[in-house]
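Here the structure comes first, spelled out in structure tokens, and everything after it is commentary.
Protein chains: 2
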Amino acid sequence: MYKTSAAPAKTVHLNCGDCPIRHRAVCARCEDDELRRLEEIKYYRSFEAGQTVVWSGDRMDFVASVVSGIATLTQTMEDGRRQMVGLLLPSDFVGRPGRETAAYDVTATSDLVMCCFRKKPFEDVMLTTPHVGQRLLEMTLDELDAAREWMLLLGRKTAREKIASLIAIIARRDASLNNQREAGAVVVDLPLTREAMSEYLGLTLETVSRQISALRRDGIIEIEGKRHITIPDFDRLVEEAGDDADGGFLV
Amino acid sequence: MYKTSAAPAKTVHLNCGDCPIRHRAVCARCEDDELRRLEEIKYYRSFEAGQTVVWSGDRMDFVASVVSGIATLTQTMEDGRRQMVGLLLPSDFVGRPGRETAAYDVTATSDLVMCCFRKKPFEDVMLTTPHVGQRLLEMTLDELDAAREWMLLLGRKTAREKIASLIAIIARRDASLNNQREAGAVVVDLPLTREAMSEYLGLTLETVSRQISALRRDGIIEIEGKRHITIPDFDRLVEEAGDDADGGFLV
DNA sequence: TACATGGTTTGATCTATATCAAGGCTCGCA
DNA sequence: TGCGAGCCTTGATATAGATCAAACCATGTA
């Protein structure tokens, strides 16, 4: 049972031509007739910021791709400690063919629109159109790489490095979507609260706040309001992140 | 270039009937003629404990499955901090179709035999036999789940919980292979040095040692020598691990 | 206009784990 | 039989980040 009610589906991106599904997800290389089969089984759901899409352990009878907004996957321990294990930006994919129940809480962090496919028919499409499975394998391998990057961050980076890493990660994803820049500087709007950042990074929210302040004091970032960040020198930020230089370059 | 020399291939498991490949990896559901195609392109390599299989960034022109022994994937930061991001036990798979170079250091932690497939022909097999791709997708999704479990461990668990978790993880994998038990107690031989454990857990080796001693003092585990561990009450260990109860049960 | 709320910042203090340092055990080898 | 190399344990101390606590700020609302 879903513990949230689905908001009525908006009709944005109803044409798969605009839909991120086409760009990254399941039908990147599909022929038109394959696309048509996906068209037939897809539908949209939207959620308000803060709503839960599925609870861990609940039945999840669809797979989906994020159209707009942000969602997170998190794990919770019995005593309430929480760790984010997935951050879903537009074009990212959730759900596992062949699994009945959700393994993680899926939460809309902002207003969210997802393009869903009922699982059973989706699996049928996968069986008959190898492209879809191939694309899904590629995407899953990418996610696995990202998860391993994330493990390095969680296991070995300092709080300051963690924050710098997160800002760099979001800036890179953001840039590839929107390409917001101003006179060489990179501009990002953090799509996460301090608390969500702390769940991403395995820190407390106080530490997140302090380290953001520290990066600002040191001139690595500039902040307007709470969320709007300017990065005057992206390479400097990457240095602070402790990253092995070219771990996914910007621009 | 490989910085290690390959040991001459042993002829164990030359028949795919015995090979873990058949059990878990690429040909679980393959027809005989598909199996034959894999047979033709497979070869074995062995490594001594401590040898590096591939260095991160080096060319890697094969994918492989572990036949016997243990290998690890690790990431290293410029200043030498290391984080393990993959632990490969028999039947696990390494390598990414469609990628030229290794993303991580792959190291033999014990004497190791791998069943390798040259990448190009393997990719050809994948294109023509959907079973192989499907199986690989399943395995990759399993690995992604494991990585996310690991992220919770790295981000939120205490040192004691981390150690308990690792012992439980190894015991479960081990049990499914060997089923070593003595009068209800579970028996494991740790396949890792304290240092390797610390790289798995995001701790120092001193903390690993101290926490193992603490678990012994508290009667959660019994130790003979350095590596041989008896777990009198597995449920108690799982409690110490802070795991959400049934996260993959033993037996 | 006051006042409650949610997200955020900052300060003071505490503590789990890292760091530095020494010594122990085991095995192979001279 | 002694010695060195790896691996492991234990102790003393330092510190990064957690925890506890207070206050700030913007927004919505009574």
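So the sequences go chain by chain: A and B.
Mind the numbering: the first sequence is residues 1 to 251 in our numbering, read in order.
Mind the numbering: the second sequence is residues 1001 to 1251 in our numbering, read in order.
Note that CB positions come from ideal geometry on N, CA and C, so glycine has one too.
Beta carbon of residue i, beta carbon of residue j: below 9 angstroms?
i, j, result
"A/S65", "A/V94", "yes"
"B/R1227", "B/P1191", "yes"
"B/I1212", "B/R1236", "no"
"B/I1169", "B/I1229", "no"
"A/L154", "B/L1154", "yes"
"B/I1231", "B/A1185", "yes"
"B/E1123", "B/P1097", "yes"
"A/A171", "A/F234", "yes"
"B/T1076", "B/L1087", "no"
"B/T1128", "A/L141", "no"
"B/D1061", "B/K1120", "yes"
"A/A108", "A/E199", "no"
"A/R37", "A/V125", "yes"
"B/R1059", "A/R82", "no"
Going along chain A in order, which residues have a C-beta closer than 9 angstroms to the C-beta of residue i?
i, result
"B/L1237", "Chain A residues near B/L1237: none, gap ~16 angstroms exceeds 9 angstroms."
"B/T1207", "Those do not exist, as B/T1207 stays about 13 angstroms from chain A at its closest Cβ, beyond 9 angstroms."
"B/G1219", "Those within 9 angstroms of B/G1219 in chain A number zero; the least Cβ separation is about 22 angstroms."
"B/G1225", "Going along chain A, no residue has its Cβ under 9 angstroms from B/G1225, so there is no contact; the nearest lies around 28 angstroms."
Along chain B, which residues have their Cβ under 7 angstroms away from the Cβ of residue i?
i, result
"A/W150", "M1151"
"A/A147", "L1144, A1147, R1148, M1151"
On the DSSP letters alone, give me the boundaries of the alpha helix (DSSP H) that residue i sits inside.
i, result
"B/R1135", "1130-1156"
"B/A1196", "1194-1201"
"A/D235", "234-240"
What residue range does the beta strand (DSSP E) around residue i cover?
i, result
"B/R1045", "1042-1047"
"B/S1209", "Where B/S1209 is concerned, there is no enclosing beta strand (DSSP E), although the alpha helix (DSSP H) it sits in stretches over 1205-1217."
"B/E1224", "1222-1224"
"A/T74", "71-76"
"A/G80", "That residue, A/G80, is in no beta strand (DSSP E); it is neither H nor E in DSSP."
"B/R1227", "Per DSSP, B/R1227 belongs to no beta strand (DSSP E) and is neither H nor E."
"B/R1096", "First-last for B/R1096: undefined, no H or E at that position."
"B/L1112", "1112-1118"
"A/A64", "62-68"
"A/T52", "52-54"
"A/T107", "105-108"
"A/D189", "185-189"
So residue i contacts chain A; which residues on that side make the cut at Cβ distance below 8 angstroms?
i, result
"B/A1064", "Those within 8 angstroms of B/A1064 in chain A number zero; the least Cβ separation is about 16 angstroms."
"B/A1168", "The contacting residues do not exist; B/A1168 stays about 15 angstroms from chain A at best."
"B/A1103", "D145, R148"
So residue i contacts chain A; which residues on that side make the cut at Cβ distance below 7 angstroms?
i, result
"B/P1191", "Within 7 angstroms Cβ-Cβ: nothing; B/P1191 doesn't reach chain A, min ~20 angstroms."
"B/R1096", "L141"
Name the chain B residues whose beta carbon is nearer than 8 angstroms to that of residue i?
i, result
"A/Q211", "Neighbours of A/Q211 on chain B: none; closest Cβ ~16 angstroms, over 8 angstroms."
"A/A171", "Simply none; closest approach about 20 angstroms."
"A/R156", "M1077, R1081, R1082, Q1083, G1202"
Taking Cβ-Cβ distances shorter than 9 angstroms, what residues in chain B pair up with residue i?
i, result
"A/A71", "The premise fails here: A/A71 is roughly 15 angstroms from chain B at the closest Cβ pair, so nothing lies under 9 angstroms."
"A/G242", "M1077, E1078, D1079, R1081"
Inset, instruction - Say whether the segment 1054-1069 of chain B touches the segment 1108-1117 of chain B, bearing in mind that this needs 3 or more beta-carbon pairs closer than 8 angstroms, one atom from each stretch. - result: yes
Inset, instruction - Could you tell me whether the segment 184-198 of chain A touches the segment 132-150 of chain A, using the rule of 3 or more Cβ pairs below 8 angstroms? - result: no
Inset, instruction - Would you check if there are 3 or more beta carbon pairs closer than 8 angstroms linking the segment 224-243 of chain A to the segment 163-171 of chain A? - result: The segment 224-243 of chain A is in contact with the segment 163-171 of chain A.
Inset, instruction - Below 8 angstroms between beta carbons is the criterion; list the residues of the segment 1133-1145 of chain B that meet it against any residue of chain A, in chain order. - result: G1133, Q1134, L1136, L1137, E1138, T1140, L1141, E1143, L1144, D1145
Inset, instruction - Check whether the segment 1098-1106 of chain B touches the segment 1051-1064 of chain B, taking contact to mean three or more Cβ pairs, one atom from each stretch, closer than 8 angstroms. - result: yes
Inset, instruction - Determine which residues of the segment 1042-1068 of chain B have a Cβ less than 8 angstroms from any Cβ of chain A, and write them out in chain order. - result: none
Inset, instruction - Output, in sequence order along the chain, the residues in the segment 108-132 of chain A whose CB is closer than 7 angstroms to any CB in chain B. - result: Within the segment 108-132 of chain A, the qualifying residues are P130.
Inset, instruction - Count the C-beta pairs between the segment 1126-1141 of chain B and the segment 123-139 of chain A that are closer than 8 angstroms, then say yes if the count reaches three, no if not. - result: yes
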